[in-house]
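Asks: Please find one structure pasted underneath; my questions will follow.
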Amino acid sequence: MSISLSSLILLPIWISMAQIQQGGPDEKEKTTALKDLLSRIDLDELMKKDEPPLDFPDTLEGFEYAFNEKGQLRHIKTGEPFVFNYREDLHRWNQKRYEALGEIITKYVYELLEKDCNLKKISIPVDATESEPKSFIFMSEDALTNPQKLMVLIHGSGVVRAGQWARRLIINEDLDSGTQIPFIKRAMDEGYGVIVLNPNENYIEVEKPKIHVQSSSDSSDEPAEKRERKDKVSKETKKRRDFYEKYRNPQREKEMMQLYIRENGSPEEHAIYVWDHFIAQSAAENVFFVAHSYGGLAFVELNCCNWVSSSEPLDTSVESMLPDCPRVSAGTDRHELTSWKSFPSIFKFFTEASEAKTSSLKPALTRRSHRIKHEEL
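If you use mature numbering (1 follows the signal peptide of the UniProt record, and there is no 0), the sequence shown corresponds to residues -18 to -1, 1 to 359, in order.
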């Protein structure tokens, strides 16, 4: 299809070029414009003009999907799991559809954190003005006042947001394996305060402002004939530009710009901010971290256990070339499933760590003291 379509478009252009190359200056200008057009045409982009509109529903019901009693995403009419290749041979369109559904899933999980888990949504920075970009985290009512235990959950990198481990698992498996909700509910049942970080929410996107350039001929003292000629050239230029844009961006997708959130412009900044303004201020004697994938990098130097993807049975010791915390098998060779598969072992580890804690007078390790210690070295 790409060959026939390109032939239909490019062949008349080449014929036109052959004809106008024999003309005068005006024809040469057209030749230049056509050459410019040819240099801009990308056949992959050209094919986009045959795509259906990138206009997707903004609710699960609009997609005709819902989560069943087992937390599985199913089509409300057929009962079938989610189908990525909804339209054959339109991978880009299918991907955009998947991303649109993913954004709905993110909002759905946020609602579950508030309604099912009774967590509070806390805006950050805490001193943000009304107009500046903001992010947020989720906390239980007793997160800062619980004198015994605080659990902090941190997801990995990518498109996931607070409350998620892996979007792919939520869509293709179920809510239990793909979200942090089982961890949150069990933690609260066992008397933990809970804080859920949101390290990938680093900026907001806004549409780029459109720059309007006013014609200099509007306020000039040039003769009317000259102004008319300039206006004609300007209109032709705009027409050519719109013609190019039709092929470069056939769906007229909005051009966006990113406005970064103060002191939370990266996962690392976010973790530091939440530590300083929340975790370090909590009353808990013991703080426990459950961090998936990239979310665990900030804590590997503390006393910990790392459940890694492995075909070995759960909790089997796994050797490592790196001098980080002890590694054991998560009982799965799928990276995105490691947090869910090691769920019972993680809570067992926390319980044993609490029971084994001595009554030492050694001061608690803080992020700042830990950092200073290494800087001194």
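Think of the CB as a built atom: it goes at the ideal place given N, C-alpha and C, for glycine as much as any other residue.
Starting from Glu187, follow the alpha helix (DSSP H) in both directions and report where the run begins and ends.
Replies: Here Glu187 belongs to no alpha helix (DSSP H); instead the beta strand (DSSP E) covers 185 to 189.
Asks: Does Val310 pass the burial test, meaning 16 or more other C-beta atoms within 10 Å, or should it be called exposed?
Replies: Buried: at least 16 other Cβ atoms inside 10 Å.
Asks: For Glu33, tell me which candidate among Lys59, Thr14, Arg74, His57 has the shortest Cα-Cα distance.
Replies: When only C-alpha atoms are compared, the closest one is Arg74.
Asks: Give the straight-line distance between the Cα atoms of His317 and Ala273, rounded to the nearest whole angstrom.
Replies: Approximately 13 Å between the Cα atoms of the pair.
Asks: Would you report the Cα separation of Leu72 and Glu85, rounded to the nearest angstrom?
Replies: Near 20 Å, if we compare the C-alpha coordinates of Glu85 and Leu72.
Asks: Could you check if Ile58 is buried or exposed, using at least 16 other CB atoms within 10 Å of its CB as the buried criterion?
Replies: Exposed, since its Cβ has fewer than 16 Cβ neighbours within 10 Å.
Asks: Where does the unbroken alpha helix (DSSP H) through Phe332 begin, and where does it stop?
Replies: Where Phe332 is concerned, the enclosing alpha helix (DSSP H) stretches over 325 to 338.
Asks: If I measure Cβ to Cβ from Tyr174 and keep anything under 6 Å in the same chain, skipping five residues before and after, which residues do I get?
Replies: Closer than 6 Å at Cβ, skipping near neighbours: Lys131, Met133.
Asks: If the criterion is Cβ atoms closer than 8 Å, does the pair Phe260 and Ile166 meet it?
Replies: Cβ atoms of Phe260 and Ile166: not closer than 8 Å.
Asks: Hey, Phe66 and Asn76 are a contact pair by Cβ (cut 8 Å); roughly how many whole angstroms apart?
Replies: That pair is a contact at about 6 Å.
Asks: Cutting at 6 Å between CB atoms, please list the residues of its own chain near Ser324, excluding the five before and the five after it.
Replies: So the list reads Trp289, Ala312, once near-sequence residues are dropped.
Asks: Look at the alpha carbon of Phe329 and the alpha carbon of Val141, and state the distance between them as a whole number of angstroms.
Replies: Going from the Cα of Phe329 to the Cα of Val141 covers about 27 Å.
Asks: Contact between the segment 289 to 301 and the segment 144 to 152: three or more CB pairs below 8 Å?
Replies: Taking 8 Å as the limit for Cβ pairs, the verdict is that the segment 144 to 152 does not touch the segment 289 to 301.
Asks: What's the C-alpha gap between Glu334 and Ser327?
Replies: Their Cα atoms are separated by approximately 10 Å.
Asks: Under three-state DSSP, which class holds Leu55?
Replies: If DSSP states are grouped into helix, strand and coil, Leu55 belongs with the strands.
Asks: Can you tell me which of the three DSSP states Pro76 falls into?
Replies: Per the sequence shown, residue 76 should be read as Asn rather than Pro. Looking at Asn76 - three-state DSSP - the assignment turns out to be helix.
Asks: Can you tell me whether DSSP reads Tyr229 as helix, strand or coil?
Replies: Residue confidence is low: Tyr229 scores 49 on pLDDT, short of 50, so the model does not pin down where it sits. No coordinate-derived value is stated.
Asks: With distances taken between CB atoms, is the gap from Arg143 to Glu183 smaller than 8 Å?
Replies: Their beta carbons are under 8 Å apart, which means Arg143 touches Glu183 by this criterion.
Asks: Short check: CB of Phe118 to CB of Ser139, under 8 Å?
Replies: For Phe118 and Ser139, no; Cβs fall outside 8 Å.
Asks: Grouping DSSP H, G and I as helix and E and B as strand, with all else coil, what is Arg309?
Replies: If DSSP states are grouped into helix, strand and coil, Arg309 belongs with the strands.
Asks: Going by beta carbon distance, what residues of the same chain come within less than 8 Å of Leu185, once the five residues before and after it are set aside?
Replies: Sequence inspection shows Tyr at residue 185; the Leu mentioned does not correspond to that position. Taken in chain order, the residues that qualify are Pro115, Gln240, Leu241, Tyr242, Ile243, Gly247.
Asks: Measure the C-alpha to C-alpha separation of Ala169 and Asp315 and round it to an integer number of angstroms.
Replies: Roughly 26 Å between the two C-alpha positions.
Asks: Alpha carbon to alpha carbon, what distance is there between Thr219 and residue 360?
Replies: As displayed, the chain neither begins before -18 nor continues past 359, which places residue 360 out of reach and without an answer.
Asks: Write down the C-beta distance between Lys52 and Asp124 rounded to the nearest angstrom, noting that I regard them as a contact closer than 8 Å.
Replies: Not quite, the Cβ-Cβ distance comes to about 30 Å (not below 8 Å), so this is no contact.
Asks: Out of Thr320, Val300, Asn268, Ser321, which has the shortest C-alpha to C-alpha gap to Glu337?
Replies: That would be Asn268, whose Cα lies nearest to the Cα of Glu337.
Asks: Bridge partners for Lys103 per DSSP, in chain order?
Replies: According to DSSP, which records beta bridges pairwise, Lys103 is partnered with Phe120.
Asks: Quick one: grab the DSSP three-state call for Gly84.
Replies: Correct three-state label for Gly84: helix.
Asks: Shortest alpha-carbon distance to Glu81 belongs to which of Asp258, Ile254, Gln162, Leu36?
Replies: When only C-alpha atoms are compared, the closest one is Leu36.
Asks: Ordered along the chain, which non-local residues of its own chain (more than five positions away) have a Cβ less than 7 Å from that of Thr127?
Replies: Excluding residues within five positions, the ones whose Cβ falls inside 7 Å are Ala265.
Asks: Whole angstroms is fine: what's the gap from His137's alpha carbon to Ser321's?
Replies: Going by the C-alpha atoms only, they are around 10 Å apart.
Asks: Kindly identify the DSSP beta-bridge partner or partners of residue 421.
Replies: Because the chain spans -18 through 359 in this model, residue 421 falls outside it and cannot be assessed.
Asks: Rounded to whole angstroms, what is the Cα-Cα separation between Gly278 and Asn180?
Replies: Taking the straight line joining both Cα atoms gives about 13 Å.
Asks: Which term fits Gly44, buried or exposed, when burial requires 16 or more other beta carbons within 10 angstroms of its beta carbon?
Replies: The residue in question, Gly44, is exposed, as its Cβ has fewer than 16 Cβ neighbours within 10 Å.
Asks: Helix, strand or coil for Trp257, going by three-state DSSP, please let me know.
Replies: Three-state result, Trp257: helix.
Asks: Leaving out five residues before and five after Glu245 in sequence, what residues of the same chain have Cβ atoms less than 7 Å from its Cβ?
Replies: Closer than 7 Å at Cβ, skipping near neighbours: Pro107, Glu251, Tyr255.
Asks: Return the first residue and the last residue of the alpha helix (DSSP H) that Ile154 is part of.
Replies: Checking the sequence shown, residue 154 turns out to be Asn, not Ile. 149 to 154 is the extent of the alpha helix (DSSP H) around Asn154.
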